[in-house]
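Input: a single structure, listed below in structure tokens.
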Amino acid sequence: MKEDATQRGTVMIAAFEGWNDACQAATNVIRHLTAIYASCEVRRIRCDGFYDYQQTRPIVCHATGRRRIVWPQTAFYDIEVAPDRHVIAQLAPEPNYRWREYCLESLRIADELDVTHIVTLGSMFADCPHTRPLPVDVDCENASVDPDQRYSGPVGIPTILDDIASQEGFDTTTMWASIPQYLGDGDCPQATLELLDRISELLGVCLETGDLPRKADEWRSKASMLAQRNDALNEYVRHLEAKYDRHEKARREASLGGPACEQLVREAEAFLKDLD
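Under the numbering used here, think of the first position of the sequence shown as 1, with each following residue one higher.
Take a look at the structure:
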């Protein structure tokens with residue numbers, strides 16, 4: 001039922017530059033959508049009072065022979081992802097101050113735009129290999145998740161927005177992509193592509209990937225070349241691959257259900273008896 005509601009209602013996708021945006025993978029989802037589809041800016045939040053300009057500095061640029069100062073800002077875009085389907089996207093640097101007021105202002109704008117579902121995006125460095133699909137953790141409101149498996153620790157503005165949105169009555173989903181920490185902080189098109197795929201599933205719309213698959217192939221090739229030139233790094237990647245494969249095998253076996261698991265146990269017991 002919630003999936004049907006998501007596909008009928010208006011979804012807002014929010015991503016923030018900074019601590020929550022390793023390799024710009026999350027915010028590049030918004031940039032990709034606004035570049036691929038017809039879009040227009042529909043709202044903006046004034047930056048004054050939310051940013052420390054020594055931490056998030058204004059940028060000077062020169063256009064048509066004139067100097068212009070670009071201040072940190074929050075922009076909301078209307079994106080037409082299908083002839084009968086629009087999404088709202090929120091893109092901003094993570095604010096430094098007054099997070100609660102900032103989130104309430106964001107949700108007030110979402111309400112004005114008839115948004116019913118808030119999707120927050122993030123990306124983080126983790127111990128995962130570039131040679132396997134990059135993990136994306138998707139957590140829907142009220143999802144049945146083992147409390148021991150939930151993250152505990154410092155959070156950024158996506159988590160705060162998700163929490164306040166839930167309190168305000170919005171449906172919420174969080175998506176976090178993991179990125180190999182050994183590859184540095186350059187763009188990671190593979191993580192952006194993985195997030196885009198999850199958004200496609202949630203919307204029920206096959207979103208255009210543009211040149212992301214090509215860029216992701218180039219990213220993997222460069223990562224593999226880097227690993228091959230460094231014996232220690234190559235061994236570390238192999239260790240991560242083995243760990244990833246064990247986890248995936250355990251996950252697949254757990255998803256087989258009770259009867260299938262019992263069959264695996266019987267087969268293992270028979271094998272052990274043959275060894276006696």
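C-beta atoms are modelled at their ideal positions from N, C-alpha and C, and glycine is treated no differently.
Just so it is clear, the structure is predicted and the values come from calculations on it, not from any experiment.
Please classify TYR51 as buried or exposed, where buried requires at least 16 other C-beta atoms within 10 Å of its C-beta. buried
For ALA223, name the three-state secondary structure that DSSP assigns. helix
Keeping to the same chain, check which residues put their C-beta closer than 8 angstroms to that of GLU241; ignore five residues upstream and five downstream. PRO129, THR131, ARG132
Measure the C-alpha to C-alpha separation of ILE109 and ARG85 and round it to an integer number of angstroms. 19 angstroms
Continuous beta strand (DSSP E) stretch holding GLU41: start and end: 39 to 45
Identity of the residues DSSP links to GLY204 by a beta bridge: None, per the DSSP bridge assignment.
Among LEU107, GLU80, ALA75, which one has its Cα closest to the Cα of GLU208? GLU80
Mind listing, in chain order, the continuous alpha helix (DSSP H) runs of no fewer than 4 residues lying wholly within the stretch 11 to 69? 27 to 36
Near ASP4, what residues of its chain come up, given a Cβ to Cβ distance below 7 angstroms and the 5 sequence neighbours on each side ignored? Because the pLDDT at ASP4 is just 46, under 50, the model does not fix this residue reliably, and the value given afterwards should be weighed accordingly. Around ASP4: no qualifying Cβ.
How about the stretch 163 to 171 and the stretch 99 to 109: do they share at least three Cβ pairs that are nearer than 8 angstroms? yes
Is the beta carbon of ALA25 closer than 8 angstroms to that of SER123? yes
Could you check whether the stretch 42 to 60 touches the stretch 211 to 225, counting it as contact only if at least three pairs of C-beta atoms, one from each stretch, sit closer than 8 angstroms? no
At the level of alpha carbons, what is the spacing between GLY184 and ALA223? 10 angstroms
Assigned exposure category for LYS2 - 16 Cβ within 10 Å defines buried: Any reading at LYS2 is ruled out, since the residue's pLDDT is 41, under 50, leaving its predicted position unreliable.
Terminal residues of the continuous alpha helix (DSSP H) containing ARG238? 231 to 254
Quick check on DSSP: helix, strand or coil for TYR77? strand
Indicate the three-state DSSP secondary structure (helix, strand or coil) for ASP139 in the structure shown. strand
Quick check on the DSSP output: what are the complete alpha helix (DSSP H) runs of length 4 or more inside the stretch 82 to 117, in order along the chain? 99 to 112
Are the CB atoms of ALA14 and ARG44 nearer to each other than 8 angstroms? no
Figure out for me which residue from PRO180, THR173, GLN181 has the closest Cα to the Cα of ARG198. THR173
Out of curiosity, what's the CA-to-CA distance linking ILE157 and ASN28? 17 angstroms
Would you say ARG100 and GLY49 are within 8 angstroms of each other, going by their C-beta atoms? no
Excluding the five sequence neighbours on either side, which residues of its own chain have a C-beta within less than 7 angstroms of the C-beta of GLN228, listed in chain order? ASN234
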